[in-house]
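For the numbering used here, count along the sequence shown from 1 and bump the result up by 497.
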Amino acid sequence: MKYTVVDLFSGSGGFSIGFRDTGFKIAMAIDSDPSCGKTYKFNFPSTIVLVEDIKDIDGKDIAYFISRKPDIVIGSPPCEPFTGANPKREKDPLDRLYKDPQGTLVLDFIRLVGELKPRIFVMENVPALNTSEIRESIVKEFSYIGYSQIFFNLLRAEDYGTPSRRTRLFVSNVVLKPKPTGKKVLVRDVLDDISCETDLPNNSCLYPTDRKLKRMARIVWGKALFYYQGALKRIPNYIRLDPNDLAPTVLGSSRFLHPYENRLLTVREQARLMGFPDNHVFFGDRDQQYNQVGEAVPPPLSYSIALYVRENYT
């Protein structure tokens, strides 16, 4: 019997890919964004996909749709309230969890876990969720619904075959210690065999204006065309990728300059930096597609987590 998985805040399906590819059944996915719902349904045609606000969903709804309670609940509540890249995040860490409307979605994840009582849950977010006040509150909230042991697993996507840097926190009722692959995948490994002429979905090129082209041409590997102010520091954007290195962290707002050409990466090229397979198609307008890529759990990392869960807890 296949173990069933429900993916909350499912986005474009990066977290689900790993569980699907390791033999789990993705029974249901829920996200409030219609473009994400369309992307997810295309790539997971046998999964029930709900485009709804999680706040309007309860555990009985999910159990009704999939005819049972799931064995595993995964999900990625929005990270914007917690990340240092957000200049407008609440000053008080607890306000990020209890006051910010998006931050309270973490509490809705916990609520649904309490209503569904899965054997295992895994919630992904940024490491800033691991600050002492927020951590203590999350442990307390899970204890209220019957989960007394909570583990804060910090994993780096680049240790598991993702060609970009990305450290993420995985809050779970089990320890997650997948074995690193031992081999770094670099930018050149995923971009050298693709160009604007490559016939792949989401691979149309967008060329800059003449004025921006002149500025782009001056940017060398590892340097950025623009900077914006985050909560803690200035954040670079439009970085010229170094083909001999890992890519920087891919965000929803991230745009990268091609290592050799004076243009932005296509959505497909950017998806490769996150480890998405080329047959995973993204829908929506171009910015929505970039956002779906940058807000995902990298599939190589989700695969390593799912494999660890399968081998150790099922």
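Every residue, glycine too, gets a C-beta built ideally from N, C-alpha and C.
Cα-Cα separation, Lys709 to Tyr735: 11 Å
For Leu613, the three-state DSSP class (helix, strand or coil): helix
Cβ-Cβ distance between Ile523 and Leu505 below 8 Å: no
Alpha carbon of Thr746 to alpha carbon of Ser661, nearest angstrom: 6 Å
DSSP-derived helix/strand/coil call for Asp504: strand
Ranges of the beta strand (DSSP E) found wholly within the region 614 to 668, counting only runs of at least 3: 617 to 622, 648 to 653
Leu604 versus Leu798, Tyr641, Ala625, residue with shortest Cα-Cα distance: Tyr641
Own chain residues within Cβ distance below 6 Å of Val682, not counting five before or after: Gly658, Pro660
Alpha carbon of Ser813 to alpha carbon of Val502, nearest angstrom: This structure does not reach residue 813, given that the chain is present from 498 up to 811, and the question cannot be answered.
Identified DSSP bridge partners for Asn734: Phe723
Integer Cβ distance of Phe780 from Gly511, believed to fall under 8 Å: Going by Cβ atoms, the distance from Phe780 to Gly511 rounds to 15 Å, so no, they are not a contact pair.
Gly611 versus Cys533, Asn699, Ile635, Leu754, residue with shortest Cα-Cα distance: Ile635
Where the beta strand (DSSP E) containing Leu547 begins and where it ends: 545 to 548
Length of the line joining the Cα atoms of Ile803 and Ala714: Per the sequence shown, residue 803 should be read as Ala rather than Ile. Cα to Cα, the separation comes out at about 42 Å.
Range of the contiguous alpha helix (DSSP H) that encloses Asp528: Here Asp528 belongs to no alpha helix (DSSP H); instead the beta strand (DSSP E) covers 522 to 528.
Continuous beta strand (DSSP E) stretch holding Val570: start and end: 569 to 572
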